[in-house]
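If you count by the working numbering, then the sequence shown holds residues 9 to 403, one letter each, in order.
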Amino acid sequence: MRFWRFLAGGLIAGLLTACVSTLPGAPSATPARTPAPRLYPLPAPMASPEYGMHVFLWWHADNKTGANDVGLVREMGFGWVKQKFPWREIELTPGVFNWWRADLVVDLVASRGLKILARLDVQPQWAQADPAASLPNGPPADLETFGRFCGAIAGRYRGRIAAYEVWNEPNLTREWGGQPPDPAGYVALLKVCYLAIKAADPQAIVISAGLAPTDDARPEVAMPDMQFYQGLYAAGGAPYFDVLGVHAPGYGNPPERSPDETQADPFWQGRVWTFRHVEDVRALMIENGDSDKQIAITEMGWTTDQVNPGYSWYAVTEQQQADYLVRAYQYARQHWSPWIGLMVTIYIADPDWPPSNEQYWWSITRPVPPGDPPEVLPAYDALKSMDKLVIPKDR
Numbered sequence: 009m010r011f012w013r014f015l016a017g018g019l020i021a022g023l024l025t026a027c028v029s030t031l032p033g034a035p036s037a038t039p040a041r042t043p044a045p046r047l048y049p050l051p052a053p054m055a056s057p058e059y060g061m062h063v064f065l066w067w068h069a070d071n072k073t074g075a076n077d078v079g080l081v082r083e084m085g086f087g088w089v090k091q092k093f094p095w096r097e098i099e100l101t102p103g104v105f106n107w108w109r110a111d112l113v114v115d116l117v118a119s120r121g122l123k124i125l126a127r128l129d130v131q132p133q134w135a136q137a138d139p140a141a142s143l144p145n146g147p148p149a150d151l152e153t154f155g156r157f158c159g160a161i162a163g164r165y166r167g168r169i170a171a172y173e174v175w176n177e178p179n180l181t182r183e184w185g186g187q188p189p190d191p192a193g194y195v196a197l198l199k200v201c202y203l204a205i206k207a208a209d210p211q212a213i214v215i216s217a218g219l220a221p222t223d224d225a226r227p228e229v230a231m232p233d234m235q236f237y238q239g240l241y242a243a244g245g246a247p248y249f250d251v252l253g254v255h256a257p258g259y260g261n262p263p264e265r266s267p268d269e270t271q272a273d274p275f276w277q278g279r280v281w282t283f284r285h286v287e288d289v290r291a292l293m294i295e296n297g298d299s300d301k302q303i304a305i306t307e308m309g310w311t312t313d314q315v316n317p318g319y320s321w322y323a324v325t326e327q328q329q330a331d332y333l334v335r336a337y338q339y340a341r342q343h344w345s346p347w348i349g350l351m352v353t354i355y356i357a358d359p360d361w362p363p364s365n366e367q368y369w370w371s372i373t374r375p376v377p378p379g380d381p382p383e384v385l386p387a388y389d390a391l392k393s394m395d396k397l398v399i400p401k402d403r
């Protein structure tokens with residue numbers, strides 16, 4: 009998650025004029041579109057909400073750090089962990105899979121009775137059009153290679169990985185191989201992965217990529233998230249996910265603040281700068297005939313950054329971070345049921361992060377050397393103490 013203040017674009021306003029009227033309690037200006045036909049039945053709805061934490065177990069599942077991190081999640085009463093399963097770390101050469109670290113992660117999480125949301129992305133260099141290029145994240149030259157990977161992981165961990173998030177923030181150029189974001193291109197990638205996962209594990213939940221909330225329309229940087237979501241539907245993407253993924257940072261605003269307020273505020277001047285921007289995304293789903301699906305917030309949080317100018321301008325205090333996170337879960341439970349599903353807070357910190365890493369400041373723990381006792385922040389204690397919806401054990 010890297011949320012900069014992007015320049016305002018005009019297209020988002022037009023999209024929202026069409027969809028905001030369908031927010032709960034508001035009259036609908038236009039009838040919803042006919043839902044797209046389904047290839048597989050929707051999974052049973054998640055509880056509204058369910059509780060998750062973003063963790064970093066890949067290099068630590070076989071040491072004390074990993075055990076401590078999943079223990080922290082269990083002790084705070086959360087039922088899910090979100091974990092990256094980097095394609096390039098598993099399929100080192102075409103068709104040859106090294107499952108050693110993935111096995112460690114899955115076994116560790118299962119040992120604490122938690123569910124896994126697996127993020128699938130980060131292409132191997134061999135899968136790129138130019139294998140010599142240094143691309144942190146981007147679609148492969150042949151989408152079928154990604155489909156093969158999705159099917160392989162879903163088959164190996166059938167019944168053990170509960171949900172998959174297909175890619176990360178493809179509305180950002182840097183997450184799409186340095187190319188301008190392309191909703192139709194993302195739908196093509198999503199389709200091959202969805203079909204492969206469902207063929208291997210029909211009960212697995214497929215979640216579309218959470219998008220970076222932005223109104224920046226510069227193609228060398230980003231595409232506004234609302235434009236990208238609409239493009240996803242226009243390209244026929246609805247049949248290829250079970251739950252719509254959303255990223256929901258609160259920036260410097262309390263979670264109850266409405267997008268109408270931030271749009272009218274001379275400082276913020278936009279709807280994306282608040283946790284409740286999720287409601288705009290929900291309205292767009294309704295407009296596209298997709299109201300029977302849930303939303304999963306696959307990243308949410310408030311930063312306390314004091315050192316990185318790109319983030320410190322909307323930083324909150326540690327106590328505000330704690331207060332806002334609890335209030336965000338409470339608001340969602342009171343106002344977004346039954347359409348809100350999993351809500352994932354960022355992060356249990358990676359022990360290797362220095363303060364110069366912006367993720368350090370979104371976290372609700374501090375990095376500590378391997379083997380040292382965990383160092384939790386007020387937000388951790390607040391979420392641990394928060395009253396939670398009781399989730400049936402058979403879910």
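Cβ coordinates follow ideal geometry from the N, Cα and C atoms, glycine included.
Can you tell me whether residue i is buried or exposed? The criterion is at least 16 other CB atoms within 10 Å of its CB, across all chains shown.
| i | result |
| --- | --- |
| F86 | buried |
| Q367 | buried |
| G60 | buried |
| D405 | A question about residue 405 goes unanswered here, because the residues of the chain that appear run from 9 up to 403. |
| E383 | exposed |
| A304 | buried |
| A137 | exposed |
| Q302 | buried |
| P317 | exposed |
| N145 | buried |
| L391 | buried |
| G245 | buried |
| P49 | exposed |
| Q277 | exposed |
| F275 | exposed |
| P257 | buried |
Looking only at DSSP bridge pairs, what is residue i linked to?
| i | result |
| --- | --- |
| G146 | DSSP output for G146 lists no bridge partner at all. |
| I213 | A171 |
| W88 | G60 and K123 |
| M308 | A256 and T353 |
| R374 | E383 |
| V117 | DSSP, once it has assigned bridges, lists no residue as partnering V117. |
| I348 | I303 |
| F105 | E99 |
| V130 | DSSP output for V130 lists no bridge partner at all. |
| V251 | I215 and Q302 |
| A140 | DSSP lists no partner for A140. |
| P94 | D129 |
Pick from the options: whose alpha carbon is nearest that of residue i?
| i | options | result |
| --- | --- | --- |
| L116 | K72, A141 and I98 | K72 |
| P43 | D300, P274, F154 and A52 | D300 |
| V200 | P386, E152, P221 and Q238 | E152 |
| E194 | S320, P262 and L180 | Note that residue 194 corresponds to Tyr in the displayed sequence, not to Glu. The shortest Cα separation from Y194 among S320, P262 and L180 belongs to L180. |
| A162 | A192, V130, P375 and P210 | P210 |
| M54 | A357, S345 and P377 | S345 |
| K92 | N76, F64 and D395 | F64 |
| N261 | P274, Y322 and Q235 | Y322 |
| M308 | P247, K90, W67 and R82 | K90 |
| L122 | P51, R335, M84 and P178 | M84 |
| E228 | W184, Y259, I215 and L292 | W184 |
| A340 | P362, D389, N365 and S266 | S266 |
| L197 | G167, F154 and Y165 | F154 |
Pull up the distance between the alpha-carbon of residue i and that of residue j, whole angstroms please.
| i | j | result |
| --- | --- | --- |
| Q327 | D380 | 24 Å |
| T325 | Q342 | 25 Å |
| A204 | D250 | 14 Å |
| Q222 | H285 | In the sequence on display, residue 222 carries Thr and not Gln. T222 and H285: Cα-Cα distance of roughly 10 Å. |
| R279 | E269 | 8 Å |
| V78 | R120 | 7 Å |
| T282 | Q338 | 15 Å |
| W107 | I98 | 6 Å |
| Q329 | W310 | 6 Å |
| L219 | A357 | 22 Å |
| Q187 | W134 | 18 Å |
| V130 | A272 | 38 Å |
| N76 | V334 | 23 Å |
| G74 | W67 | 8 Å |
| P139 | W88 | 35 Å |
| E177 | S393 | 31 Å |
| C8 | Y237 | Because residue 8 is not part of the residues shown, which for the chain are 9 to 403, the question remains open. |
| A212 | Y172 | 7 Å |
| I215 | A207 | 16 Å |
What span of residues does the alpha helix (DSSP H) with residue i cover, start to end?
| i | result |
| --- | --- |
| L180 | No alpha helix (DSSP H) holds L180; DSSP gives it neither H nor E. |
| Q187 | Where Q187 is concerned, there is no enclosing alpha helix (DSSP H), given that its DSSP letter is neither H nor E. |
| E152 | L151 to R164 |
| A75 | K72 to E83 |
| R46 | Here R46 belongs to no alpha helix (DSSP H), and DSSP marks it neither H nor E. |
| F236 | D233 to A242 |
| L292 | H285 to E295 |
| A330 | E326 to H343 |
| Q271 | P267 to A272 |
| S320 | P317 to S320 |
For the beta strand (DSSP E) containing residue i, list its first residue and its last residue.
| i | result |
| --- | --- |
| T101 | E99 to T101 |
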